[in-house]
Amino acid sequence: MASVTEAPLLAPQSDKKPPRKRGRLVPYWLLLPGILWLLVFFALPMVYQVSTSVQTGSLEEGFKVTWHFQTYWNALADYWPQFLRSVLYAGAATILCLVLGYPLAYLIAFRAGRWRNVVLILVIAPFFTSFLIRTLAWKTILADGGPVVGALNTLHVLDVTNWLGFTSGDRVLATPLAVVCGLTYNFLPFMILPLYTSLERIDGRLHEAAGDLYAKPFTTFRKVTFPLSMPGVVSGTLLTFIPASGDYVNADLLGSTDTRMVGNVIQTQFLRILDYPTAAALSFILMAAILIMVTLYIRKSGTEDLV
Amino acid sequence: MTTDNGGDVRLSGISKTYGSFTAVHPLDLTVPEGSFFALLGASGCGKTTTLRMIAGLEEPSSGTVFLGDQEVTHLPPYKRPVNTVFQSYALFPHLDIFENVAFGLRRRGIKSVKKQVEDMLELVQLGEQARKKPHQLSGGQQQRVAVARALINHPKVLLLDEPLGALDLKLRRQMQLELKRIQTEVGITFVHVTHDQEEAMTMADTVAVMNAGRVEQLGAPADLYENPQTTFVANFLGTSNLIEAAVDGKDGDDIVLAAGGGKLVLPQARCSAPTTTGGKVLVGVRPEKISLTHIDDAGEIPGGRNRITGRIADSSFIGVSTQYVIDSAVCPEFEVYSQNIDRDARLTPGAEVVLHWSPAHTFGLDAAQDIDAGVETVEEEAA
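Here the protein sequences come in this chain order: U and X.
Each residue of the first sequence is one higher than the one before, starting from 1 at the first, in UniProt numbering.
Each residue of the second sequence is one higher than the one before, starting from 1 at the first, in UniProt numbering.
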């Protein structure tokens, strides 16, 4: 009985092949704008910059491709301290972001209850003002003789940071500490949001199961919650570290000539000295360095299948 | 029978309220050591809350929980000698099967876990899967990992929260027998929460039927089935035909009742309701206890049986038995299950029949209850 009614239904279906084929192409059509965008605004400039980095010449005479790879070695030899500083400051800021952001993300995910959305909006709220304004505000906060410096002085925190070389004398502004603080502040949401997303996805029953299996609350965190939040930790640290290591605004506004990062060098080379080949070479060295570090990091954290 | 209650679970007066909603009304319950105990009820009846209070995952609003002689009412779960098999298992997705099972042992500082874990995986027939991650296993296998992970700790009590709910019917039947086998093998007290009455009756030694935060009745499955004390139990456990009848008088140990012009006999011992002449009682009888005889052969029915006349409204042949729906004066939809031994060809829809059964299979319930309590819930769960 069933086969009799099914037969005529099947027949027209086999005729419907053409529309199905068009359907198969739809994803590619949808991809097209994105691919074009990347091609025009990412791939082409990359090629252009690669070519710039191996050119020689001057602004007056014009630049020519001479495959002058020496620019890379010269750039590295001249600016390695700035590279090192970039990695150190960005690394310090990333760790600070993780230390500050993890508890907050944990609270939002598990304890905030009906305040969850409010707190999430507060996390994102700084984005409503410009990056520049926010960083300038920190200039006021950390100003010489201001309340923050005063408090740190009274609590003898500055003695410790002076000894560590993070600050000098009675100043916080124009020291590495100020730059790291600025970076931490500016990139904190990029740490909190992925952490929150991965924590929020954890099934609450896993905590109950761990408790049921004799894990004390802290052991539950160490053995269950934290390992399961690794995807968030990895993407949060990457989203913080990568832009922070290329940042120049914080070092520019909150630092001094002694805290220049590689971003500042690139900016100066491009916009003031107009040495385009060196600037391009520095950009690629930074990019390669980040790629290598990120690859090693993801390997090490063993989260390839989790990210 | 041991005189000390070393492994009993004793709940005395425990209750749980959330704001103005009472999930569990003050409840006294003793689960004897080594028994397979089922908490049966529809969703929202408080059975899972009760289980979670034993596990320590929920703090009782009042009352005390004893495990053996130890009061554990306010102990956190990690300090209780109790383990839980969670609904949908809650296996740790980042750990392999071996580490999932070893979790409890490691937390208690036991160093050499290899032998124990392997033995336990053998018990649940998962030795081959030790290095796989939970998501690589089938539902039934994950279920067995969850059982192994809990059992390896040799808890005083194993709590099972709807452990078979996520499995398909065939696998569920298989796991019911499997769990029963494991329980017999290890001898640990099992407290099993389920909404499936068949599951509860197949597996448990003792079943507590819960409804709206209260235990309606507690007993061995056969006892609950044969002697329900409330309409909820009568309808929730299997099917019951309930007839409203008036008490006519007494005849020795029997109560004589009048229903729809006929007379029914009910043994006094099988009536849980107070009976005063002229008062009302609900008379119940299970569908499979009833015999059907065509009206033409009514004379052949032996005396002393309860009789009701009616007309067959519907019949469905399901192989081992035929299920009839009978339209009668006392009850509009009387259900009768008749074994297909010698089928009477005259018993087709429209035929006039006499329903008769032994008074010993009759039970009496308090008429002041909702006659349909427990009926809809069964249908909802089945849907």
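Note that CB positions come from ideal geometry on N, CA and C, so glycine has one too.
Exposure label - residue i; buried when at least 16 CB within 10 Å
{"i": "residue 153 of chain X", "result": "buried"}
{"i": "residue 18 of chain X", "result": "exposed"}
{"i": "residue 117 of chain U", "result": "exposed"}
{"i": "residue 136 of chain X", "result": "exposed"}
{"i": "residue 357 of chain X", "result": "buried"}
{"i": "residue 80 of chain X", "result": "buried"}
{"i": "residue 58 of chain X", "result": "buried"}
{"i": "residue 60 of chain U", "result": "exposed"}
{"i": "residue 105 of chain U", "result": "buried"}
{"i": "residue 295 of chain U", "result": "exposed"}
{"i": "residue 120 of chain X", "result": "buried"}
{"i": "residue 264 of chain U", "result": "buried"}
{"i": "residue 35 of chain U", "result": "exposed"}
{"i": "residue 231 of chain X", "result": "buried"}
{"i": "residue 296 of chain X", "result": "exposed"}
{"i": "residue 206 of chain U", "result": "buried"}
{"i": "residue 125 of chain U", "result": "exposed"}
{"i": "residue 130 of chain U", "result": "exposed"}
Own chain residues within Cβ distance below 8 angstroms of residue i, not counting five before or after
{"i": "residue 63 of chain U", "result": "52, 55, 56, 57, 276 and 277"}
{"i": "residue 211 of chain U", "result": "217 and 220"}
{"i": "residue 276 of chain X", "result": "247"}
{"i": "residue 142 of chain U", "result": "148, 149, 172, 173, 178, 181 and 254"}
{"i": "residue 162 of chain X", "result": "48, 87, 193, 194 and 195"}
Anticipated Cβ contact below 8 angstroms, residue i with residue j, distance rounded
{"i": "residue 234 of chain X", "j": "residue 240 of chain X", "result": "4 angstroms"}
{"i": "residue 145 of chain X", "j": "residue 100 of chain X", "result": "6 angstroms"}
{"i": "residue 254 of chain U", "j": "residue 179 of chain U", "result": "5 angstroms"}
{"i": "residue 46 of chain X", "j": "residue 23 of chain X", "result": "5 angstroms"}
{"i": "residue 267 of chain X", "j": "residue 367 of chain X", "result": "Contact doesn't hold; Cβ gap of about 18 angstroms is too wide."}
{"i": "residue 160 of chain X", "j": "residue 191 of chain X", "result": "7 angstroms"}
{"i": "residue 176 of chain X", "j": "residue 164 of chain X", "result": "7 angstroms"}
{"i": "residue 96 of chain X", "j": "residue 52 of chain X", "result": "Contact flag wrong, Cβ pair sits at about 28 angstroms."}
{"i": "residue 280 of chain U", "j": "residue 49 of chain U", "result": "5 angstroms"}
{"i": "residue 354 of chain X", "j": "residue 293 of chain X", "result": "5 angstroms"}
CB contact flag (residue i, residue j, <8 angstroms)
{"i": "residue 204 of chain X", "j": "residue 36 of chain X", "result": "yes"}
{"i": "residue 110 of chain U", "j": "residue 262 of chain U", "result": "no"}
{"i": "residue 198 of chain U", "j": "residue 147 of chain U", "result": "no"}
{"i": "residue 135 of chain U", "j": "residue 250 of chain U", "result": "yes"}
{"i": "residue 82 of chain X", "j": "residue 105 of chain X", "result": "no"}
{"i": "residue 171 of chain U", "j": "residue 144 of chain U", "result": "yes"}
{"i": "residue 247 of chain U", "j": "residue 155 of chain U", "result": "no"}
{"i": "residue 133 of chain X", "j": "residue 77 of chain X", "result": "no"}
{"i": "residue 63 of chain X", "j": "residue 14 of chain X", "result": "yes"}
{"i": "residue 308 of chain X", "j": "residue 328 of chain X", "result": "yes"}
{"i": "residue 394 of chain X", "j": "residue 188 of chain X", "result": "Absent from the structure is residue 394 of chain X, since the part of chain X shown begins at 1 and ends at 383."}
{"i": "residue 284 of chain X", "j": "residue 242 of chain X", "result": "yes"}
{"i": "residue 38 of chain X", "j": "residue 207 of chain X", "result": "yes"}
{"i": "residue 75 of chain U", "j": "residue 213 of chain U", "result": "no"}
{"i": "residue 158 of chain U", "j": "residue 164 of chain U", "result": "no"}
{"i": "residue 224 of chain U", "j": "residue 301 of chain U", "result": "no"}
{"i": "residue 191 of chain U", "j": "residue 101 of chain U", "result": "yes"}
{"i": "residue 326 of chain X", "j": "residue 317 of chain X", "result": "no"}
{"i": "residue 87 of chain U", "j": "residue 256 of chain U", "result": "no"}
{"i": "residue 112 of chain U", "j": "residue 123 of chain U", "result": "no"}
{"i": "residue 107 of chain X", "j": "residue 215 of chain U", "result": "yes"}
{"i": "residue 174 of chain X", "j": "residue 237 of chain X", "result": "no"}
Contact set for residue i: own chain, Cβ-Cβ below 7 angstroms, skip 5 residues either direction
{"i": "residue 176 of chain U", "result": "89, 166 and 259"}
{"i": "residue 141 of chain X", "result": "126 and 129"}
{"i": "residue 291 of chain U", "result": "none"}
{"i": "residue 383 of chain X", "result": "Annotation note: pLDDT 39 at residue 383 of chain X (below 50); position unreliable, no value reported."}
{"i": "residue 384 of chain X", "result": "Not covered by the structure: residue 384 of chain X. The range shown for chain X is 1 to 383."}
{"i": "residue 116 of chain X", "result": "105 and 152"}
Cβ neighbours of residue i in the same chain (closer than 6 angstroms, five flanking residues each side left out)
{"i": "residue 226 of chain U", "result": "none"}
{"i": "residue 291 of chain X", "result": "356"}
{"i": "residue 337 of chain X", "result": "287, 288, 321 and 323"}
{"i": "residue 4 of chain X", "result": "Note that residue 4 of chain X scores 49 on pLDDT, short of 50, meaning its location in the model is unreliable; the coordinates nonetheless yield the value given after this. Answer for residue 4 of chain X: no residue qualifies."}
{"i": "residue 236 of chain U", "result": "191, 194 and 195"}
{"i": "residue 96 of chain U", "result": "184"}
Q.
Does the contact criterion of 3 or more C-beta pairs under 8 angstroms hold for the stretch 255 to 270 of chain X versus the stretch 199 to 217 of chain X?
A. no
Q. Are the stretch 85 to 105 of chain X and the stretch 66 to 73 of chain X touching by the rule of at least three beta carbon pairs closer than 8 angstroms?
A. no
Q: Could you tell me whether the stretch 348 to 356 of chain X touches the stretch 311 to 327 of chain X, using the rule of 3 or more Cβ pairs below 8 angstroms?
A: yes
Q.
For the stretch 7 to 17 of chain X against the stretch 26 to 36 of chain X, do three or more pairs of beta-carbon atoms, one drawn from each stretch, fall closer than 8 angstroms, so that the two count as touching?
A. yes
Q.
Does the structure place the stretch 217 to 231 of chain X close enough to the stretch 267 to 286 of chain X that three or more beta carbon pairs sit under 8 angstroms?
A. yes
(Q) Pairs of beta-carbons, one from the stretch 238 to 245 of chain U and one from the stretch 185 to 193 of chain U, closer than 8 angstroms: are there three or more? (A) yes
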